[in-house]
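There are 4 protein chains.
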Amino acid sequence: MRKRDTTAPANPTKVHCAVKPLNEVFQLTVNGRTIRSAEATQAAILDAATEEFSAHGFSGARVDSIAVRAKTNKRMLYHYFIDKAGLYLAVLERMFAEVLVAEKGLNLKSKEPEDGIRQLTLFIWNYVLEHPHFVRLVSTENKLKAEHLKKSEKIPHIHSHFVEELTDVLRRGIEKGVFRQDINPSMIHLTILAMSFYYISNKHTVAVSFGHDTSSPEATTAWGEHIVATILASLK
Amino acid sequence: MRKRDTTAPANPTKVHCAVKPLNEVFQLTVNGRTIRSAEATQAAILDAATEEFSAHGFSGARVDSIAVRAKTNKRMLYHYFIDKAGLYLAVLERMFAEVLVAEKGLNLKSKEPEDGIRQLTLFIWNYVLEHPHFVRLVSTENKLKAEHLKKSEKIPHIHSHFVEELTDVLRRGIEKGVFRQDINPSMIHLTILAMSFYYISNKHTVAVSFGHDTSSPEATTAWGEHIVATILASLK
Amino acid sequence: MRKRDTTAPANPTKVHCAVKPLNEVFQLTVNGRTIRSAEATQAAILDAATEEFSAHGFSGARVDSIAVRAKTNKRMLYHYFIDKAGLYLAVLERMFAEVLVAEKGLNLKSKEPEDGIRQLTLFIWNYVLEHPHFVRLVSTENKLKAEHLKKSEKIPHIHSHFVEELTDVLRRGIEKGVFRQDINPSMIHLTILAMSFYYISNKHTVAVSFGHDTSSPEATTAWGEHIVATILASLK
Amino acid sequence: MRKRDTTAPANPTKVHCAVKPLNEVFQLTVNGRTIRSAEATQAAILDAATEEFSAHGFSGARVDSIAVRAKTNKRMLYHYFIDKAGLYLAVLERMFAEVLVAEKGLNLKSKEPEDGIRQLTLFIWNYVLEHPHFVRLVSTENKLKAEHLKKSEKIPHIHSHFVEELTDVLRRGIEKGVFRQDINPSMIHLTILAMSFYYISNKHTVAVSFGHDTSSPEATTAWGEHIVATILASLK
DNA sequence: CATGAATGAGAATTCATTCAT
DNA sequence: GATGAATGAATTCTCATTCAT
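Protein chains in written order, with full-length UniProt numbering: chain Y, 1 to 236; chain L, 1 to 236; chain S, 1 to 236; chain D, 1 to 236.
As structure tokens, then:
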């Protein structure tokens with residue numbers, strides 16, 4: 001159970017790395033030393049850590065595995081991120097920062113209310129669909145009672161912008177008379193998130209009850225339209 | 001760093017379960033001595049394991065911790081469940097079996113369509129609300145790609161009964177003319193699950209975006225009503 | 001490595017014995033209790049222990065496994081033999097006692113010297129061939145520095161009878177003038193044992209260097225004749 | 001009962017090996033500090049493991065004990081050799097490699113046939129006498145049905161060279177008319193091995209039947225001469 | 001006599017982390 | 001900055017043995 005791979009190498013002295021590390025292939029070397037910027041190394045580590053934490057959770061993630069994936073030395077993880085928890089937090093922080101950046105691509109000011117809701121909903125759904133790591137890491141973080149998140153000083157109020165945008169669109173829809181009056185924007189937001197996240201985070205059990213592949217473009221498009229329809233119906 | 005938060009619960013036998021833990025039911029004592037009982041021990045282990053796996057996930061769960069919580073010897077876990085994975089699977093199987101039992105308490109045959117939908121929805125929401133272990137373990141299992149679930153021969157198609165009930169109610173509503181015609185029951189079911197599960201499984205991050213306590217009776221009742229209203233609106 | 005079999009049972013409550021124990025099938029029962037003589041139980045345990053110790057050595061042998069093989073309860077082993085070491089010693093003692101019994105079937109008094117040597121040699125070879133447990137247990141005991149043997153009060157000078165017989169036959173051969181005069185009977189005895197035991201105890205590595213199956217009747221008969229020829233040649 | 005005799009040797013680095021332990025060769029110290037060296041550590045581990053497996057067999061050997069003897073950390077065993085079985089195999093492989101190296105010191109081409117047989121026989125006897133680990137490990141491996149050996153890709157046909165040499169000497173003896181014609185070289189080889197191995201591997205039970213110390217130089221020399229005499233007599 | 005349940009003391013294996021160059 | 005070697009503290013799992021009926 002604890003063992004991940006048990007293939008004994010023929011030559012025990014070469015346990016560490018059978019194939020030449022990719023960074024030796026692609027990176028420049030001077031006097032036999034690899035030239036690599038600190039940023040590149042850190043980014044590689046974060047990418048690898050995102051994969052690993054997302055796939056196995058915090059406890060299940062292996063520091064060794066991250067180092068191998070990042071094609072760097074394990075010592076570097078500690079150099080840059082102090083310990084496993086520090087690395088995990090860095091992954092979270094980068095991820096939420098990316099959400100904020102993505103949000104800026106969304107401008108609903110000039111949209112009609114119903115179209116605005118549609119765009120906002122599909123934006124979230126598509127983001128979730130394209131960033132399964134995000135979904136899984138948020139799920140992981142919830143299992144840890146969001147204690148890492150709470151410790152972070154960097155991670156801002158991630159959804160505030162969304163809620164503001166949503167509140168604005170809803171207000172305009174109410175004024176226009178196309179939405180009912182007693183709408184709670186937070187609940188609408190949460191509904192969109194729930195329908196989006198659950199489909200991704202529980203896709204394996206969903207597949208069982210759904211009975212067919214839930215990852216196909218047809219299925220995901222249909223689910224996106226279903227979310228939009230459900231949200232719009234609930235606003236009438 | 002490797003040491004996990006080991007805040008042992010004050011009363012490890014108090015399992016947050018709708019049904020009374022089996023060990024309290026079966027465990028007999030005479031003159032202060034515990035009567036040995038395989039059933040009682042197994043149930044105690046399963047209760048403890050449910051707690052532990054639910055709280056920490058598969059990798060994060062500690063076999064030692066489970067033994068302590070179950071007030072038994074670590075050796076017994078292996079005696080009855082072979083290994084950590086076997087114990088985990090047994091926990092899942094018992095949990096899904098309990099769902100099936102609970103389902104039987106739901107009879108919608110004689111209900112008006114709209115009321116039937118309401119009852120079905122609230123049933124799921126309340127079950128999820130009262131069985132957070134269930135939510136967390138399903139979440140854990142999804143992270144493990146549901147591979148344990150797939151290996152199990154026992155775990156049946158857990159939601160099939162729900163979907164059948166739902167399908168029947170929807171059909172009657174369509175015939176009566178109160179629901180629209182092109183309804184996909186699976187999607188409705190999934191929507192209910194998504195809204196119910198997400199609120200529980202992601203409650204820590206939800207709390208951040210929601211800005212207030214999401215566990216209060218007021219909050220949970222409101223969310224239940226919101227799910228019902230959303231579902232009903234989407235059926236019109 | 002430490003795991004012998006890891007097939008998780010479908011129903012953990014029935015781990016202990018899936019198939020009905022043979023003693024329940026063959027043994028008489030009265031009022032649901034198995035009637036079994038103490039001797040029968042002890043013999044069954046000794047048989048099982050002989051198998052197990054012979055196959056896996058002292059450390060490698062499993063008390064559980066012996067109980068299962070003996071189709072009895074593990075507690076019985078301790079009842080009759082105190083502990084694992086006691087059981088092991090009992091196995092050794094019975095085995096050496098059997099050798100003594102077998103020896104009595106050999107009467108060389110009336111044989112011509114050369115024929116006597118032949119018979120004696122083939123007797124040892126055949127005994128070894130038909131009692132591989134004996135070979136393996138002697139080998140096991142040597143690995144343990146024969147410390148159990150030395151502790152035993154029962155185990156007599158096991159080969160003395162053989163050596164006496166051998167000495168007598170050799171003396172007659174020398175007197176008759178068919179054997180050389182400076183023969184050391186112990187060395188001859190040892191040579192017979194060496195050639196017999198090694199072929200059996202090291203049969204797996206022998207097979208590699210020999211390049212063909214060493215267990216076939218042809219191969220074992222040929223080896224027996226080879227031992228005889230070698231011994232006789234060395235006596236001339 | 002489970003506690004094994006843990007009489008640690010006074011000087012664990014003193015391996016009873018013809019060649020000086022590699023760690024004594026490679027291990028360097030500066031200012032009392034040990035220079036880290038993967039080679040040295042691996043060699044030290046292999047030396048210690050050879051001792052331990054040889055003394056206690058596979059199951060009886062203790063990984064902890066090996067680490068202590070090797071004056072290294074238990075973790076390193078797993079780092080270099082993956083698991084206990086891997087370490088055991090590495091021990092076997094190194095041991096057989098050493099046999100091959102030793103073989104090269106034997107040149108019988110220019111020897112008279114009878115002298116060649118004598119030298120070959122004494123070579124094997126002396127090697128076995130000086131490498132009791134080898135004998136015990138081969139014995140251990142046979143108890144494990146040589147399954148580790150079979151898995152190894154490295155371990156070559158260890159005796160092939162011997163058999164070739166032997167075949168050549170025998171051929172020359174036959175041509176010269178000093179040996180009989182119908183000789184099976186493999187059987188002669190096996191006879192030498194049997195007489196050599198058995199004396200060492202079963203020395204404790206041999207001592208009982210022999211009645212005196214079998215390890216004294218006189219006794220071992222006499223046995224060597226006995227093997228030579230027996231083999232030569234069988235060739236006439 | 002017989003037996004299922006229970007257990008403490010290991011034993012193998014794994015992990016995050018630090019050392020020393 | 002970069003890296004292979006090393007490590008101590010768990011963590012899972014096993015085993016001989018005893019309890020209590």
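Glycine included, C-beta positions come from ideal geometry on N, C-alpha and C. Just so it is clear, the structure is predicted and the values come from calculations on it, not from any experiment.
- Rounded to whole angstroms, the Cβ separation of H226 (chain Y) and M187 (chain L) is 5 Å, and the two are in contact under 8 Å.
- Per DSSP, reduced to three states, the secondary structure at G105 (chain S) is coil, with no helix or strand assignment.
- In this model, R62 (chain L) and L137 (chain Y) are separated by some 22 Å (Cα to Cα).
- A233 (chain S) and S234 (chain D) have their C-alpha atoms spaced approximately 5 Å apart.
- Rounded to whole angstroms, D182 (chain L) and L149 (chain L) show a C-alpha spacing of 32 Å.
- One Cα belongs to P217 (chain Y), the other to T230 (chain L), and the distance between them is close to 26 Å.
- When only Cα atoms are considered, T167 (chain Y) and P113 (chain Y) end up about 11 Å apart.
- DSSP places N202 (chain Y) outside both helix and strand once states are collapsed to three, so it counts as coil.
- Shown here, S196 (chain L) sits in a helix according to DSSP, grouped into three states.
- Scanning its chain for C-beta atoms nearer than 7 Å, with the 5 sequence neighbours on each side dropped, one finds around A90 (chain D) the residues L46, F81, in chain order.
- Taking 8 Å as the cut-off, the Cβ atoms of V228 (chain L) and L122 (chain L) count as close.
- Only buried fits H56 (chain Y), as 16 or more other CB atoms lie within 10 angstroms of its CB.
- Excluding its 5 nearest sequence neighbours in each direction, L120 (chain L) has C-beta neighbours in its own chain below 8 Å: L106, L108, F162, E165, L166, V169, I192, listed in chain order.
- With a threshold of 8 Å between beta carbons, M195 (chain S) makes contact with chain D.
- Around V99 (chain D), no beta-carbon contact reaches into chain S at under 9 Å, the shortest distance being about 12 Å.
- For K236 (chain S), the closest C-alpha among the options S:F210, S:D213, S:R94, S:V178 is that of S:V178.
- With fewer than 16 other Cβ atoms from the protein chains shown falling within 10 Å of its own Cβ, G211 (chain Y) counts as exposed.
- By a beta-carbon distance limit of 8 Å, T140 (chain D) does not contact F197 (chain D). Their separation comes to about 13 Å.
- For the 8 Å CB-CB criterion, H204 (chain L) and A146 (chain Y) form a contact.
- Contact annotation, T72 (chain D) with T50 (chain D): C-beta distance approximately 15 Å; criterion of less than 8 Å not satisfied.
- Rounded to whole angstroms, the gap between the alpha carbons of E39 (chain Y) and E103 (chain D) is 57 Å.
- As the crow flies, the alpha-carbon of V128 (chain Y) is around 7 Å from that of F134 (chain Y).
- Straight across, the Cα-Cα distance linking N126 (chain S) with L92 (chain S) is about 20 Å.
- Of all residues in the region 123-143 of chain L, only R136, V138, S139, T140, E141, N142, K143 come within less than 8 Å of chain Y when Cβ atoms are compared, listed by chain position.
- Residues of the region 204-215 of chain Y with a C-beta less than 9 Å from any C-beta of chain L: H204, T205, V206, A207, V208, S209, F210, G211, listed in chain order.
- Taking a beta-carbon distance threshold of 8 Å, H148 (chain Y) does not count as an interface residue toward chain L.
- In chain order, G57, F58, S59, G60, K143, L144 make up the part of chain L whose C-beta sits under 9 Å from the C-beta of G60 (chain Y).
- In this structure, S59 (chain Y) sits near G60 (chain L), with a CB-CB distance shorter than 8 Å.
- Nearest CB-CB separation between L190 (chain Y) and chain L: below the 8 Å threshold.
- Within the region 67-95 of chain S, the residues whose Cβ lies closer than 9 Å to any Cβ of chain D are, in chain order, D83, K84, A85.
- Put simply, the CB of K151 (chain D) is far from chain S, with every gap to its CB atoms at 8 Å or more.
- The alpha-carbon of D64 (chain S) is positioned some 56 Å away from that of A219 (chain L).
- Spanning the alpha carbons of S215 (chain Y) and Y88 (chain Y) requires a straight line of approximately 28 Å.
- Apart from the 5 residues on each side of it in sequence, K74 (chain L) sits with its Cβ closer than 7 Å to the Cβ of V63, D64, A67 in its chain, given in chain order.
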